[in-house]
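*Asks:* Got a structure here, written out as structure tokens. Questions coming.
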Amino acid sequence: MNPRELMRMYTRELNDLVAGRAAPLNLMEVCGTHTVNACRSGVHSLMPENVRLISGPGCPVCVTAQRYIDALVALGRRGDVTILTYGDMIRVAGAGGSLEIVRGEGADVRVVTSTLEGLEIARREPNRQCVFAAVGFETTAPATAAAVLQAASEGLRNFSILPAHKLVLPAMRTLLNDPEVKIDGFVCPGHVSVIIGSEAYRPIVSEYHKPCVVTGFEALQIMQGVLHLSRQIVRGETRLENLYPEAVSAHGNAHAVALIDRVFVPGTSAWRALGEMPESGLDVRDEFAAFDAFRKFDIRLGEDHEPRGCICGKVITGRAVPVECRLFGTVCTPVYAVGPCMVSSEGTCQAWFKYRRHESHRVEREAKEGVR
Amino acid sequence: MCLALPARIETKDELLAWVVVGEARMRISLIMTPEAGVGDWVLVHAGFAIRQVAEHDALETWKIIEEVESRAGGSHEREVGA
Ligand code: SF4
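First to last, the sequence lines map onto chains A and B.
Add 1 to the 1-based position in the first sequence for the working numbering, that's all there is to it.
Add 312 to the 1-based position in the second sequence for the working numbering, that's all there is to it.
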């Protein structure tokens, strides 16, 4: 069967499955790439009205607390520090501007595509203190850990990291514990699962009785994930399914997990919208304290002040869709983005702006009628 | 940030390798896939191979990426994974 026929078959089965069902199915994906690819490919438009694929806290830039951005910006303003960052972080504004703004003011902010590149800069410029903005989920954390180990083995004293890594499971648990958020099942993140393995979601299934499906990133795979999840819910089943075995194994990548464990310990982390959650992030082990910019530069996080009018917090927790934000598409666009969900190429607002703007009327109407 | 693409290993020197990703050559770390060797396919994320993948699956992924790109009018936006 070719992909087109398969898509038609999945769509038909999904429609038959939920036909006449009064209660909508609320499915959440927790992966920025699922958000973007689902929007881009138009998968949402193939879904029946009573199946909703909601975007959760899957975009690493969007879940980074504003106070962390403030700390980075302040570090950049010192003048003696070079900030190394992945590209998406540079435009996210804190209370005192963004990395892009401080770069315009003369700060040394450099975009890197990997921690290897960051190490290279530190080696080349031994007189600069280089701080890597270590954000992202379990997919990027091992790369940060590897860089710390490498810097330690070389005695590279001018390299450090400002850690803000996040763990996916605690965020899923927090959402499930929130009575305001309604989730019937999860489409689990693809590449995070490559690292942590599909079995990591077992507690969501056994303790919270919510089905979980791990799936790939293409439209067909997303649709297949939605179908399998819906099938379980309609049949009253609660299982963990891995539909992406070519990339995700049951127990993940042991080398990557060992790297994380060698350098980090789980610690309290501040998330945008979700607040501080114990054991939801990664702290640098004392042994590597010399490479922890928080300790090296005695940095303390301040308070969060969300941009006025921005409802990113609601968007990343599935409580609102972007078109419900008054600033969406008018004041806030990818060119002049107010919140991180519009800044980031994996952010839900940017994905909606690019691919789902035309749907705004239907969604707004539904929101008013209280369907959402 | 969460970009991950399949790439073939061209040369390997301990845990560093040169890979071919589409039309580009890139230097990456094999610290998470130390068993991968020259000619093998790996999934590359932010300069690190995060998993070895079968050639068949890798080529299949590239076929889909190329299809999506040609439909998007040659746009090189590639968002493949968190
Ligand atoms: S549209 Fe802009 S201001 Fe509104 S929630 Fe999204 S990012 Fe925030």
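We put the beta carbon where it would ideally sit given N, CA and C, even for glycine.
This structure is a prediction, so every number in the text was calculated from the model and none was measured.
1. Determine the direct distance from the alpha carbon of glycine 59 (chain A) to that of leucine 176 (chain A), and round the result to whole angstroms.
2. Got a sec: which bits of the segment 137-152 of chain A sit with their beta carbon under 7 Å from any beta carbon on chain B, in order along the chain?
3. Less than 7 Å between the beta carbons of leucine 157 (chain A) and valine 132 (chain A), yes or no?
4. So, is the C-beta of valine 264 (chain A) closer than 7 Å to a C-beta in chain B?
5. How far does the alpha helix (DSSP H) with arginine 296 (chain A) in it extend, from its first residue to its last?
6. If we ignore side chains and look at the alpha-carbon of each, how far apart do leucine 100 (chain A) and serine 207 (chain A) end up?
7. Which of the three DSSP states, helix, strand or coil, is assigned to cysteine 313 (chain A)?
8. Tell me whether arginine 53 (chain A) sits in a helix, a strand or coil according to DSSP, three-state version.
9. By the 8 Å beta-carbon criterion, what residues does the segment 341-365 of chain B contribute toward chain A?
10. Which chain A residues sit within Cβ distance under 7 Å of alanine 316 (chain B)?
11. Take the Cβ of alanine 395 (chain B) as the centre, count every other Cβ of all protein chains shown within 10 Å, and call the residue buried at 16 or more, exposed below.
12. Which of the three DSSP states, helix, strand or coil, is assigned to phenylalanine 289 (chain A)?
13. Would you say the beta carbon of glycine 340 (chain A) is closer than 6 Å to some non-hydrogen atom of ligand 1?
14. Alpha carbons only, please: which of A:Val64, A:Met90, A:Arg358 is nearest the one belonging to valine 74 (chain A)?
15. Helix, strand or coil, according to DSSP, for isoleucine 84 (chain A) in the structure here?
16. Please state the DSSP three-state secondary structure of proline 318 (chain B).
17. Which partner residues does cysteine 131 (chain A) have in the DSSP bridge list?
18. Please return the same chain residues whose Cβ sits closer than 6 Å to the Cβ of isoleucine 312 (chain A), not counting the five positions on each side in sequence.
19. Where in the segment 250-280 of chain A do unbroken runs of the alpha helix (DSSP H), each at least 4 residues long, occur, reported from the N-terminal end onward?
20. Per DSSP, which residues does arginine 111 (chain A) bridge with? Please list them.
21. Which residues in chain B have a C-beta closer than 7 Å to the C-beta of asparagine 243 (chain A)? List them in chain order.
22. Just by C-beta distance, which residues in the segment 96-118 of chain A are closer than 9 Å to chain B?
23. Ignore the nearest five residues each way along the sequence and tell me which others in cysteine 63 (chain A)'s own chain have a CB closer than 7 Å to its CB.
24. Can you tell me the Cα-Cα spacing of valine 149 (chain A) and arginine 337 (chain B), whole angstroms?
25. Could you tell me whether the Cβ atoms of glycine 359 (chain B) and leucine 117 (chain A) are closer together than 7 Å?
26. Taking 6 Å as the line, does the beta carbon of cysteine 313 (chain A) fall inside it for any heavy atom of ligand 1?
27. Among A:Glu181, A:Ser46, A:Asn3, whose alpha-carbon lies nearest the alpha-carbon of leucine 15 (chain A)?
28. Between valine 316 (chain A) and ligand 1, is there a pair consisting of the residue's CB and a ligand heavy atom that are separated by less than 6 Å?
*Replies:* Working from what's here:
1. Stepping through the first sequence from its first residue, residue 176 (chain A) is reached at position 175. Stepping through the first sequence from its first residue, residue 59 (chain A) is reached at position 58. Using only the alpha carbons, I get a separation of about 12 Å.
2. Gly137, Phe138, Thr140, Thr141, Pro143, Ala144, Ala147
3. Residue mapping note: residue 157 (chain A) aligns to position 156 of the first sequence, counting from 1. Residue mapping note: residue 132 (chain A) aligns to position 131 of the first sequence, counting from 1. Judged by their CB atoms, leucine 157 (chain A) and valine 132 (chain A) are not nearer to each other than the 7 Å cut-off.
4. Within the first sequence, residue 264 (chain A) is the residue found at index 263, counting from 1. False, the Cβ-Cβ gap to chain B never drops below 7 Å.
5. For the purposes of this step, residue 296 (chain A) is identified with residue 295 of the first sequence, where counting begins at 1. Where arginine 296 (chain A) is concerned, the enclosing alpha helix (DSSP H) stretches over 294-297.
6. For the purposes of this step, residue 100 (chain A) is identified with residue 99 of the first sequence, where counting begins at 1. For the purposes of this step, residue 207 (chain A) is identified with residue 206 of the first sequence, where counting begins at 1. Roughly 42 Å between the two C-alpha positions.
7. Within the first sequence, numbered from 1, the residue matching residue 313 (chain A) stands at position 312. Of the three classes helix, strand and coil, the one that applies to cysteine 313 (chain A) here is helix, per DSSP.
8. Counted from its first residue, the first sequence places residue 53 (chain A) at position 52. DSSP places arginine 53 (chain A) in strand when its eight states are reduced to three.
9. Ser341, Ile343, Met344, Thr345, Pro346, Leu355, His357, Ala358, Gly359, Phe360, Ile362, Arg363, Val365
10. By one-based count along the second sequence, residue 316 (chain B) stands at place 4. Per Cβ cutoff of 7 Å: His192.
11. The displayed coordinates of chain B run from 313 to 394. Any statement about residue 395 (chain B) would go beyond what the structure contains.
12. Start at 1 with the first residue of the first sequence, and residue 289 (chain A) comes out as number 288. In this structure, phenylalanine 289 (chain A) counts as helix in the three-state DSSP scheme.
13. On the first sequence, residue 340 (chain A) is found 339 positions in, with the first residue counted as 1. It does: the Cβ of glycine 340 (chain A) is within 6 Å (strictly closer) of some heavy atom of ligand 1.
14. One-based indexing of the first sequence puts residue 74 (chain A) at position 73. Measuring from the Cα of valine 74 (chain A), the nearest candidate turns out to be A:Met90.
15. In the first sequence, counting from the first residue as 1, residue 84 (chain A) sits at position 83. Strand, per DSSP.
16. Along the second sequence, read from residue 1 onward, the residue named residue 318 (chain B) stands at position 6. DSSP places proline 318 (chain B) in strand when its eight states are reduced to three.
17. Translated into the one-based positions of the first sequence, residue 131 (chain A) becomes position 130. Bridge partners of cysteine 131 (chain A): A:Thr83, A:Phe160.
18. Translated into the one-based positions of the first sequence, residue 312 (chain A) becomes position 311. Closer than 6 Å at Cβ, skipping near neighbours: Ala321, Cys326.
19. Fully enclosed alpha helix (DSSP H) runs of 4 or longer: 255-264.
20. Along the first sequence, read from residue 1 onward, the residue named residue 111 (chain A) stands at position 110. Arginine 111 (chain A) is bridged to A:Leu85.
21. As a working mapping, residue 243 (chain A) is identified with position 242 in the first sequence. Going along chain B, no residue has its Cβ under 7 Å from asparagine 243 (chain A), so there is no contact; the nearest lies around 14 Å.
22. Val113, Thr114, Ser115, Thr116, Leu117, Glu118
23. Here residue 63 (chain A) refers to the residue found at position 62 of the first sequence. Counting only Cβ-Cβ distances below 7 Å, and skipping sequence neighbours, we find Arg273, Cys313, Ile317, Pro341, Cys342, Ser345, Gly348.
24. Stepping through the first sequence from its first residue, residue 149 (chain A) is reached at position 148. Stepping through the second sequence from its first residue, residue 337 (chain B) is reached at position 25. Answer to the nearest angstrom: the Cα atoms are 25 Å apart.
25. Position 47 of the second sequence, counted from the first residue, corresponds to residue 359 (chain B). Position 116 of the first sequence, counted from the first residue, corresponds to residue 117 (chain A). Taking 7 Å as the Cβ cut-off, glycine 359 (chain B) and leucine 117 (chain A) qualify as a contacting pair.
26. Along the first sequence, one-based indexing puts residue 313 (chain A) at 312. Yes, the beta carbon of cysteine 313 (chain A) sits closer than 6 Å to at least one heavy atom of ligand 1.
27. Locating residue 15 (chain A) in the first sequence gives position 14, counting from the first residue. Among A:Glu181, A:Ser46, A:Asn3, the Cα nearest to that of leucine 15 (chain A) is on A:Ser46.
28. In the first sequence, the residue the question calls residue 316 (chain A) occupies position 315. Correct: valine 316 (chain A) has its Cβ closer than 6 Å to ligand 1.
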